[in-house]
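> Encoded as structure tokens, here's the structure I'll be asking about.
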Amino acid sequence: LQEAYDIGYEEYFYSDNYCLVEWPSKVAELLPEKYIKIEITVTGNEQRLFQFTLVEE
Numbered sequence: 726l727q728e729a730y731d732i733g734y735e736e737y738f739y740s741d742n743y744c745l746v747e748w749p750s751k752v753a754e755l756l757p758e759k760y761i762k763i764e765i766t767v768t769g770n771e772q773r774l775f776q777f778t779l780v781e782e
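When we follow our numbering, the leftmost residue of the sequence shown carries the number 726, and every step to the right adds one.
Following this line, the structure appears as structure tokens:
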């Protein structure tokens, strides 16, 4: 978490821009109350399944 504070996570999470987080579980307690979760599943050699979920806590 300290690294998130050091880079000024608030500017990323609470701006009017998109912010993609590769490992959100590492900063779960800092995530906004509402965000879109994107899950990518490998379904074949050159195929991926993208699932988008609106999360509201």
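For each residue, glycine too, the CB sits at the ideal point set by N, CA and C. The model shown is predicted, which means the values in this text are computed figures rather than measured ones.
Is the beta carbon of L774 sitting closer than 8 Å to the one on I761?
Numbered from 1 along the sequence shown, position 49 holds the residue referred to as residue 774. Numbered from 1 along the sequence shown, position 36 holds the residue referred to as residue 761. Taking 8 Å as the Cβ cut-off, L774 and I761 do not qualify as a contacting pair.
> Look up L756 in the DSSP assignment and say whether it is helix, strand or coil.
Working through the sequence shown from its first residue, we reach residue 756 at position 31. The answer is coil: DSSP assigns L756 none of H, G, I, E or B.
> Using a Cβ-Cβ cutoff of less than 7 Å, which residues in the same chain neighbour A729 once the five nearest sequence positions on both sides are dropped?
Here residue 729 corresponds to residue number 4 of the sequence shown, with the count starting at 1. Hits under 7 Å: V752, L755.
> Rounded to whole angstroms, how far is the Cβ of E735 from the Cβ of E758, which I believe are closer than 8 Å?
Taking the first residue of the sequence shown as 1, we reach residue 735 at position 10. Taking the first residue of the sequence shown as 1, we reach residue 758 at position 33. Not really, about 14 Å apart at Cβ, beyond 8 Å.
> Can you give me the C-alpha to C-alpha distance between Q772 and V746, rounded to a whole angstrom?
By 1-based counting over the sequence shown, the position of residue 772 is 47. By 1-based counting over the sequence shown, the position of residue 746 is 21. The alpha-carbon atoms of Q772 and V746 are separated by roughly 22 Å.
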